[in-house]
Structures are given as C-alpha cells and as structure tokens.
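*Asks:* Before I ask anything, here is the structure I am working with.
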Amino acid sequence: MSGLTVDRAACIGCGRCVRACVHAGIELVWDGPRKFACATDACVLCASCIDACPVDAISIHKDVSADACDLSSFHDILVVAQCGADGAVLPVTFELVGRARELADIRGCRVAVVLGQRAGAAGADGAGQLIAAGADEVLRCCDERLNHLDAEVYARWICQLIDAARPEAVLFGATAFGRELAPAVAVRIQTGLTADCTVLELDEKTGLLQQTRPAFGGNLMATIVCPDHRPQMASVRPGIFAAPEPDWARRGTVSDVTLDATIEPRVRVLETKPLHSDLSLADADCLLVIGRGIGSKKHVPLMRKLAEHLGAELGCTRPLVEAGWLDYAHQVGQTGVSVAPRVLLSLGVSGAIQHLAGISGAQTIIAVNEDPDAPIFGVAHYRVVADCVEFASALLG
Ligand SMILES: Cc1cc2nc3c(=O)[nH]c(=O)nc-3n(C[C@H](O)[C@H](O)[C@H](O)COP(=O)(O)OP(=O)(O)OC[C@H]3O[C@@H](n4cnc5c(N)ncnc54)[C@H](O)[C@@H]3O)c2cc1C
1224 MSGLTVDRAA CIGCGRCVRA CVHAGIELVW DGPRKFACAT DACVLCASCI DACPVDAISI
1284 HKDVSADACD LSSFHDILVV AQCGADGAVL PVTFELVGRA RELADIRGCR VAVVLGQRAG
1344 AAGADGAGQL IAAGADEVLR CCDERLNHLD AEVYARWICQ LIDAARPEAV LFGATAFGRE
1404 LAPAVAVRIQ TGLTADCTVL ELDEKTGLLQ QTRPAFGGNL MATIVCPDHR PQMASVRPGI
1464 FAAPEPDWAR RGTVSDVTLD ATIEPRVRVL ETKPLHSDLS LADADCLLVI GRGIGSKKHV
1524 PLMRKLAEHL GAELGCTRPL VEAGWLDYAH QVGQTGVSVA PRVLLSLGVS GAIQHLAGIS
1584 GAQTIIAVNE DPDAPIFGVA HYRVVADCVE FASALLG
C-alpha cells in the first residue's frame, strides 16, 4: 500500500512540513511530551513535506502495483465548466465542449460537463447552453461553498466526481482559476496534466489523448501523451478552439449533484475587488495590439485613444508589460492571453513566435511595421510598411 511514513526518532516536531503542505495532508500530534508529524487522510503523497523536512524524517512508499491503472474502466470526456462573476458560463467552456464533442464522436463516447455554480447565480440556463454546445450530460451543483473560486474546494469536489464517473479525459480552461485548479486535481488523483494545449487529438482505438503545446520557449511543438494513468488531463487557453454554433435541438441530461458535507473552505473571503474591471481581450471582437515599435510610453495614451475611436480593446506585447507601460492583463501571446477577434490591428509588433502563438485565432490581421521583413507580415492579411505612430495619428485624423 502507498503511504507516507514519519520516522518518530528523527522528527523534531518543527512543523515545517505542516506549513509546506497545501493539502492539510500532515499535522503535528502530541505523543507524551513530544510533538510529531503525522499524515492525515488528506495527504496526496505530493512530497512537498519531504522537501521541507530539515532532518529527513519523512518518506513516501509508493506501491507500484497500486499505480497500475485499469485503463479499460475509464470512459467519456469530462469538461470542467467555469463561470464568470455574473454566473454566466465562460466562453472557454463552450470552446472546450465543442472540441470534446468532436473527439467524443471520433471515440464513440459521451461528453459530460461539471458545472459548479454560486448559490443564487443568475446564469441559470448554463446547463441548457452546454447541452446545445455538445454536452450529453451536465453534472450541476449549486452551493454557497462554490461562491468564491476556492481551488481547494473545487478540486476536492471534482476529484470525487472523477472517482465516481471515471472519465477517460478531463479538460480545463486555462484561465487564472483553471491554472490553479487543474494541477490541484491532477496531484490529488495522481495523473498527468498538460497545460496550455493548442491542439488536442484522440486516438480512436486506444483513447490516447494527444496533447500538443509549445515547448522550449515556443521554438517547437511537443505532443504529450499519458499512457499509463487515467484520466488524461489537459488545459486549453481561451480562444484556441472555436465555440460551436449552439444546436438547441440537442438533448441531454442535467443531474443535480451535491457537494460533500466534509468539504469545508479553509479560506474565508472578506472582500473582493476586481483588478481589471472590464478588460476581456479573449472575447474582444476588435483588438488593437501595440508593440515596442510605438517607441515610448508617452505614445500609450495616443494608442488608447485610437482603440477607443475604433471600438477596440487594447492589447500589447510582453516587452511593454515588462517595461510597465501596460498591465499584464493586456499581454497577448503564449504567456499572456490568446485572442480570437474578428479584426486585429497590430502596430509596431515584430511578430515573435511567442506572440504569434496567441493571435492565431484572429480572423483578419492588419499589421503596421516600418520593417518590410518583419515576421508579423508573414501572418498579416493586410501589410502596411509605415511608422506606426504616424499611422495612428492619421487614423485619428
Ligand atoms: C518563454 C517566452 C514567452 C513569451 N511570451 C510572450 C507573450 O506572451 N507575448 C509576447 O508578445 N511576447 C512574448 N515573449 C517575448 C517575445 O519573444 C518577443 O520578445 C516580443 O513579442 C517582442 O515584442 P515586440 O514585437 O513589441 O518588440 P520587438 O521585437 O522589439 O519589435 C518591435 C517591432 O517594431 C518595429 N518598429 C520599430 N519602430 C517602429 C515604428 N516607428 N513604426 C512601426 N514599426 C516600428 C520594428 O521593426 C520591430 O519589428 C515571450 C518570450 C519568451 C522567451
């Protein structure tokens, strides 16, 4: 049997392991006059306590036979839905459901969606929308413990659903919350996770999910598989897949599931303040993206004015964020937001591969650069060789 063992003769009861564990998987207990570390039921064998222990008192035994997983007992694709502050299902969820539907049709399996909703949330027909997007079943839970995006609460809940449903693959949206949640689920159920996939394919016969994502700074695309463990887990950023047209004639089931009484939030939220109130680059219809070619921070107000004039959101490349000209929320690319606007106007952007990774969903790209050989022209539909500041001023008239 797998387990965590504390050598009581070596343990000095310092509590560093307890502080290092984010799962409450280890605690200090009194044994006579001395305190010792002791594993709790919440331990997921992640080994963070081992790294923290200054006296090497903790060890983990892994039963290899217990790890061997009966792959044939796993079926279907599970998508973890995410909702916005207003309770509406986020677009990335529909994008994932659409792709999951295509993969499930190849494999001949079903698509289920886990939908956690805040108590009293407005977006009540989220389940119907998910079925119209391609889900066969929606597992819906409305509970006040889901009111705040507490990754630990969600992770424990989703792990219980995974234990019961045994899906072959689980997909998450790589939003800020999804990036926190997906690894928390993966470590608990001891399976692999490929983050920020840009392509997902499924082998019809084996059910092996081929998860492709940029690697080595975006210089190559790596296809990753998880052959020995189930479920296979992947996260995908907003804007990578196209959301399907809703088919309101589709039929599916909605099952109300409960959150186990033992799942209690350990975090108490006193107040929430939105950092970037209205900015939603991923959903923008029209986007102005500025790069280092604008020359200086003093031109940012001009670019804001142009964005407003065009009815566009304002995005930028990473160097502008690093220089403090704009917040990270504006960054477009591999380590920023993936966008899929109808029209993208790109000013003074070179078109580095890491930037291009985030704009492949744009329908029409108009690029302005003073260098006729700039790589951005390789993906642009309309190319303007000009000074981008003069171009912006001319557009404003
Ligand atoms: C792991 C990793 C992740 C990364 N993630 C991202 C990411 O998410 N997003 C991102 O954007 N970058 C990312 N980068 C950085 C990326 O590699 C580039 O450095 C960055 O995109 C370049 O930004 P830029 O085009 O604004 O600047 P530059 O490369 O300096 O290009 C400026 C361009 O402006 C043009 N220009 C100059 N003056 C003018 C003018 N007056 N008028 C018109 N054109 C002009 C130049 O010809 C040039 O093409 C990442 C890098 C790494 C290693």
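Residue numbers (the working numbering): 1224 to 1620. For glycine and all other residues, C-beta sits at the position ideal for the given N, C-alpha and C. Remember, predicted model here, so these are calculated numbers, not experimental data.
#1: Curious, which full-length beta strand (DSSP E) runs of at least 3 residues does the segment 1396-1482 contain?
#2: Let me confirm a value: methionine 1444 is counted as buried when at least 16 other C-beta atoms fall within 10 Å, else exposed. Which label applies?
#3: Quick one: measure Cβ to Cβ for glycine 1475 and alanine 1358, integer angstroms, because I've assumed they're closer than 8 Å.
#4: Near tryptophan 1253, which residues of its chain fall below 7 Å by C-beta distance, leaving aside the five closest residues on each side in sequence?
#5: Give the list of continuous beta strand (DSSP E) stretches no shorter than 3 residues that lie fully inside the segment 1234-1269.
#6: When the Cβ atoms of the segment 1534-1542 are set against those of the segment 1510-1519, are three or more pairs found closer than 8 Å?
#7: Alpha carbon to alpha carbon, how far is alanine 1323 from serine 1478?
#8: Who are the Cβ neighbours of arginine 1453 in its own chain at under 7 Å, not counting the five residues just before and after it?
#9: Report the CB separation of glycine 1518 from valine 1459 in whole angstroms; it is logged as a contact under 8 Å.
#10: Just checking my contact of leucine 1624 with valine 1337 at CB under 8 Å: how many whole Å lie between their CB atoms?
#11: Taking 8 Å as the cut-off, does the segment 1232-1241 touch the segment 1260-1280 (at least 3 CB pairs, one atom from each stretch)?
#12: Runs of 4 residues minimum, wholly inside the segment 1537-1566: which ones carry the alpha helix (DSSP H) assignment?
#13: Can you have a look at leucine 1362 and say buried or exposed, based on whether 16 or more other CB atoms are within 10 angstroms of its CB?
#14: In whole angstroms, what is the alpha-carbon distance linking isoleucine 1281 and cysteine 1449?
#15: Could you check which residue in Met1526, Leu1404, Val1492 and Ala1597 has the C-alpha nearest to that of alanine 1575?
#16: DSSP has cysteine 1365 in a bridge; who is on the other side?
#17: Would you list the one or two residues that DSSP bridges to alanine 1392?
#18: Less than 8 Å separating the beta-carbons of valine 1560 and glutamine 1554?
#19: In the DSSP assignment, what residue or residues form a beta bridge with leucine 1384?
#20: Based on the DSSP output, what are the partners of histidine 1284 in its beta bridges?
#21: Express the C-alpha separation of valine 1302 and threonine 1316 in angstroms, rounding to a whole number.
#22: Going by beta carbon distance, what residues of the same chain come within less than 7 Å of aspartate 1602, once the five residues before and after it are set aside?
#23: If you draw a straight line from the alpha carbon of alanine 1262 to that of glutamate 1250, how long is it in whole angstroms?
#24: For valine 1608, collect the residues of the same chain with a Cβ closer than 6 Å to its Cβ; drop the 5 residues on either side in sequence, then sort them by chain order.
#25: Would you say the beta carbon of cysteine 1420 is closer than 7 Å to some non-hydrogen atom of ligand 1?
#26: Exposed or buried, which one is valine 1278 when buried takes at least 16 other CB atoms within 10 Å?
#27: When you compare each of Glu1360, Ala1418, Leu1525 and Ala1484 to serine 1616 by their alpha carbons, which one comes out closest?
#28: Excluding five sequence neighbours on each side, which residues of the same chain lie with their C-beta closer than 6 Å to the C-beta of cysteine 1266?
#29: For the beta strand (DSSP E) that contains cysteine 1276, what are its first and last residues?
#30: Buried or exposed: where does alanine 1356 fall if 16 or more other Cβ atoms within 10 Å of its Cβ makes it buried?
#31: Leaving out five residues on either side along the sequence, give the residues of the same chain with a beta carbon under 6 Å from the beta carbon of threonine 1481.
#32: Given a cut-off of 8 Å, decide if leucine 1416 and methionine 1456 are closer than it, judged by their beta-carbon atoms.
#33: From the DSSP output, read off the bridge partner residues of threonine 1587.
*Replies:* By the coordinates alone:
#1: Runs of beta strand (DSSP E) with 3 or more residues, each lying fully within the segment 1396-1482, are found at 1416-1420, 1422-1425, 1432-1438, 1443-1447, 1455-1459 and 1476-1479, listed in chain order.
#2: Counting from one through the sequence shown, the residue named residue 1444 turns up at place 221. Exposed, since its Cβ has fewer than 16 Cβ neighbours within 10 Å.
#3: Locating residue 1475 in the sequence shown gives position 252, counting from the first residue. Locating residue 1358 in the sequence shown gives position 135, counting from the first residue. Glycine 1475 to alanine 1358, Cβ: 6 Å. Contact.
#4: Residue 1253 sits at position 30 when you count from the first residue of the sequence shown. Beyond the five residues adjoining it in sequence on each side, tryptophan 1253 comes within less than 7 Å, by CB distance, of no other residue in the same chain.
#5: You should have 1249-1254 and 1257-1262.
#6: Three or more beta-carbon pairs drawn from the segment 1534-1542 and the segment 1510-1519 are found closer than 8 Å, and the two stretches are therefore classed as touching.
#7: Here residue 1323 is taken as the residue at index 100 of the sequence shown, counted from 1. Here residue 1478 is taken as the residue at index 255 of the sequence shown, counted from 1. Answer to the nearest angstrom: the Cα atoms are 19 Å apart.
#8: Counting from one through the sequence shown, the residue named residue 1453 turns up at place 230. Residues Cys1292, Leu1294, Phe1297, Glu1391 and Thr1414 of the same chain have their beta carbon placed closer than 7 Å to that of arginine 1453, with the five preceding and five following residues left out of the count.
#9: Within the sequence shown, residue 1518 is the residue found at index 295, counting from 1. Within the sequence shown, residue 1459 is the residue found at index 236, counting from 1. Contact doesn't hold; Cβ gap of about 35 Å is too wide.
#10: The requested residue 1624 does not occur in the structure, where the chain is confined to residues 1224 to 1620.
#11: Flag = yes, the segment 1260-1280 and the segment 1232-1241 touch.
#12: Counting only runs of 4 or more, we get 1541-1545.
#13: One-based indexing of the sequence shown puts residue 1362 at position 139. So leucine 1362 counts as buried.
#14: Taking the first residue of the sequence shown as 1, we reach residue 1281 at position 58. Taking the first residue of the sequence shown as 1, we reach residue 1449 at position 226. Whole-angstrom Cα-Cα distance: 29 Å.
#15: Translated into positions along the sequence shown, residue 1575 becomes position 352. For the residues Met1526, Leu1404, Val1492 and Ala1597, the minimum Cα distance to alanine 1575 belongs to Ala1597.
#16: Here the question's residue 1365 lines up with position 142 in the sequence shown. Beta-bridge pairing by DSSP links cysteine 1365 to Gln1340.
#17: Within the sequence shown, residue 1392 is the residue found at index 169, counting from 1. Alanine 1392 pairs with Ile1300 and Gln1455.
#18: Here the question's residue 1560 lines up with position 337 in the sequence shown. Here the question's residue 1554 lines up with position 331 in the sequence shown. Result yes, Cβ atoms of valine 1560 and glutamine 1554 sit closer than 8 Å.
#19: What you label residue 1384 is simply residue 161 of the sequence shown in a count that begins at 1. DSSP lists no partner for leucine 1384.
#20: Taking the sequence shown and counting its residues from 1, one reaches residue 1284 at position 61. BP columns for histidine 1284 point to Gly1226.
#21: Taking the first residue of the sequence shown as position 1, residue 1316 is located at position 93. Taking the first residue of the sequence shown as position 1, residue 1302 is located at position 79. Approximately 8 Å, taken between the alpha carbons.
#22: One-based indexing of the sequence shown puts residue 1602 at position 379. In the sequence on display, residue 1602 carries valine and not aspartate. Spatial neighbours of valine 1602 in its own chain (CB-CB distance under 7 Å, excluding positions within 5 residues in sequence) are listed in chain order as Gly1574, Leu1579 and Ile1588.
#23: By one-based count along the sequence shown, residue 1262 stands at place 39. By one-based count along the sequence shown, residue 1250 stands at place 27. For alanine 1262 and glutamate 1250, the distance between alpha carbons rounds to 6 Å.
#24: Here residue 1608 corresponds to residue number 385 of the sequence shown, with the count starting at 1. Answer for valine 1608: Pro1595, listed in chain order.
#25: Translated into the one-based positions of the sequence shown, residue 1420 becomes position 197. No.
#26: Reading the sequence shown from its first residue, position 55 is the one you call residue 1278. Counting other Cβ atoms within 10 Å of its Cβ, valine 1278 stays below 16 and is therefore classed as exposed.
#27: As a working note, residue 1616 is residue 393 in the sequence shown. Minimum Cα distance to serine 1616 is reached at Leu1525.
#28: Counting from 1 along the sequence shown, the entry for residue 1266 is found at position 43. Residues Leu1227 and Gly1248 of the same chain have their beta carbon placed closer than 6 Å to that of cysteine 1266, with the five preceding and five following residues left out of the count.
#29: By 1-based counting over the sequence shown, the position of residue 1276 is 53. No beta strand (DSSP E) holds cysteine 1276; DSSP gives it neither H nor E.
#30: One-based indexing of the sequence shown puts residue 1356 at position 133. Burial call: buried.
#31: By 1-based counting over the sequence shown, the position of residue 1481 is 258. Setting aside the 5 residues that flank it on each side, threonine 1481 has no residue in the same chain whose C-beta is closer than 6 Å to its C-beta.
#32: Locating residue 1456 in the sequence shown gives position 233, counting from the first residue. Locating residue 1416 in the sequence shown gives position 193, counting from the first residue. When the beta-carbon positions are compared, methionine 1456 and leucine 1416 come within less than 8 Å of each other.
#33: The residue you call residue 1587 lines up with position 364 of the sequence shown. Residue pairing by DSSP puts threonine 1587 in a beta bridge opposite Val1566.
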